[in-house]
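**Student:**
Rendered as structure tokens:
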């Protein structure tokens, strides 16, 4: 995972739509921390700070340490609701991380050793089917990325989840199929060349058949003339 982020917060004493609207008018966003066999904790956070952290691009895949007074709670963002018109955040949910617990996360995929792939060297293209993998991980062992080695891969090869060695403490959240992560495909120019070769081969076969037919006709005509 990305480095832990810190998000200051305050306890929310009142619940309900009216209280939430009042908080938003003050530039605060209502939020909830839940999970870990504890009662949900209602909080509110500064809208500007939440927007800033959302803008980093990795907020939803980061551990967020929420500071409520002198207390610090390690969490993982689970949802940030946005206004349908203004796109301003209206509510946030955080999952409390507990020792020894497991959590479902989406981890980005990174492809390595592309220079060792014969297919890519020939001009093949890496067609990425899944840019992220859905994993079930231990709270204290959430990987920041999953490396996929393309060494030796040729055009036409596929890379499946069964080929990937996941970090200790992680397993695929999808267990009912051996899904594809990426494939190596021929570029359009290479495909066109192959198509032209096939057409030439077909034309050659047709030409040979025509020449054979003409020769047979000439032989037949000669025999008839001799008779």
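In the numbering used here, the protein residues as written are 59 to 285.
All residues carry an ideal CB built from backbone N, CA and C; glycine is no exception.
#1: Among 103, 135, 100 and 102, whose alpha-carbon lies nearest the alpha-carbon of residue 116?
#2: With distance defined between alpha-carbon atoms, name the residue in 86, 69, 120 and 109 nearest to residue 98.
#3: Curious, which full-length beta strand (DSSP E) runs of at least 3 residues does the stretch 170–250 contain?
#4: Of all the options 114, 209, 223 and 149, which has the alpha carbon lying nearest to the alpha carbon of residue 81?
#5: Take residue 137 as the anchor and find which of 119, 127 and 129 has the nearest alpha-carbon.
#6: Starting from residue 74 and walking both ways along the alpha helix (DSSP H), at which residues does that stretch end?
#7: Measure the alpha-carbon distance for residue 171 versus residue 71 and round it to whole angstroms.
#8: Would you kindly work out how many angstroms separate the C-alpha atoms of residue 214 and residue 199, rounded to a whole number?
#9: Where are the beta strand (DSSP E) runs, 3 residues long or more, that stay fully inside the stretch 67–143, in chain order?
#10: Cutting at 8 angstroms between CB atoms, please list the residues of its own chain near residue 173, excluding the five before and the five after it.
#11: Could you tell me which of 129, 223, 212 and 225 sits nearest to residue 242, measuring between CA atoms?
#12: I need the DSSP call for residue 145, collapsed to helix, strand or coil.
**Tutor:** In short:
#1: 135
#2: 69
#3: 183–186, 190–196, 204–207, 216–218, 228–230 and 238–243
#4: 149
#5: 119
#6: No alpha helix (DSSP H) contains residue 74, which DSSP labels as neither H nor E.
#7: 54 angstroms
#8: 34 angstroms
#9: 86–93, 96–104, 120–126 and 129–140
#10: 179
#11: 212
#12: coil
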